[in-house]
Amino acid sequence: GQQLNQSPQSMFIQEGEDVSMNCTSSSIFNTWLWYKQEPGEGPVLLIALYKAGELTSNGRLTAQFGITRKDSFLNISASIPSDVGIYFCAGHQGAQKLVFGQGTRLTINP
Amino acid sequence: NAGVTQTPKFQVLKTGQSMTLQCAQDMNHEYMSWYRQDPGMGLRLIHYSVGAGITDQGEVPNGYNVSRSTTEDFPLRLLSAAPSQTSVYFCASRPTSGSGSPLHFGNGTRLTVT
Chain A
1 GQQLNQSPQS
11 MFIQEGEDVS
21 MNCTSSSIFN
31 TWLWYKQEPG
41 EGPVLLIALY
51 KAGELTSNGR
61 LTAQFGITRK
71 DSFLNISASI
81 PSDVGIYFCA
91 GHQGAQKLVF
101 GQGTRLTINP
Chain B
111 NAGVTQTPKF
121 QVLKTGQSMT
131 LQCAQDMNHE
141 YMSWYRQDPG
151 MGLRLIHYSV
161 GAGITDQGEV
171 PNGYNVSRST
181 TEDFPLRLLS
191 AAPSQTSVYF
201 CASRPTSGSG
211 SPLHFGNGTR
221 LTVT
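Residue numbers (my numbering), protein chains in the order written: chain A, 1 to 110; chain B, 111 to 224.
Below, the structure written as structure tokens:
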């Protein structure tokens, strides 16, 4: 099946630092999505990207849909303790199937 | 508004046993799907449905059956559980089958097969 390569797998940062993670694929995706998962819960959508080159912000979060349509990044500025969790990129393989990356586990030291 | 409700939250099975993981949504969503989450592998699609009476296979369908007799419910059946099916299972739904609407996830069922 289609693979999304997400990196890094884990990050350990100090509160207040900026965070950057990315996702790449060998194939083109028409939609890129970024989800966050907290312990004991399902993933929750953070940002959705629908056009190549699109740059979208949601508060301290910024994500971009790569021009080649094969990659996307997510930045978090001025991290706070509640940013802790696992972040997943996802892309649509056709209209019916959403493919997920392996996740980036974010840990923040206060 | 309950959203997507999964039951049970936790389950332990012995190898060979069968069980059904329940998923219900009260948002009148056409599209429903099941994912499994394993460490280091993200979420992988098991089965999905674009409407009542219609189901299709995802990336890892073997060992699982689904049916969609109503819009609200999308149960996932394990006919003969195996240790390889130890995982966290998530049900998700969205309004339409198109890629424009985001998935809403339940809180998961943690299954252990011994």
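Even for Gly, the Cβ is constructed at its ideal location relative to N, Cα and C. The model shown is predicted, which means the values in this text are computed figures rather than measured ones.
A straight line joining the alpha-carbon of B/P205 with that of B/A134 spans about 14 angstroms. For A/Q9, the secondary structure class from DSSP, reduced to helix, strand or coil, is coil.
Scanning A/Q14, A/M21, A/L33 and A/F12 for the CA closest to the CA of A/Q6 turns up A/M21. Per DSSP, the unbroken beta strand (DSSP E) holding B/V176 starts and ends at Y174 to V176.
Beta bridge pairing from DSSP links A/I28 with no other residue.
DSSP places A/S82 in the helix class (H, G or I) of the three-state scheme. If you keep only unbroken beta strand (DSSP E) runs of at least 3 residues inside the stretch 160–214 of chain B, you get 164–167, 174–176, 186–188 and 197–204. For B/N217, the nearest beta carbon of chain A is closer than 8 angstroms to its own beta carbon.
The CB of A/Q102 comes closer than 7 angstroms to the CB of G150, M151 and G152 in chain B, given here in chain order. Taking CB atoms only, B/P185 has no neighbour in chain A less than 8 angstroms away. With contacts defined as CB atoms closer than 8 angstroms, B/L123 and B/L221 qualify as a contacting pair. According to DSSP, A/G91 shares a beta bridge with A/W32 and A/V99.
Residue-level contact by beta carbon holds for A/F88 and chain B, with a gap shorter than 8 angstroms.
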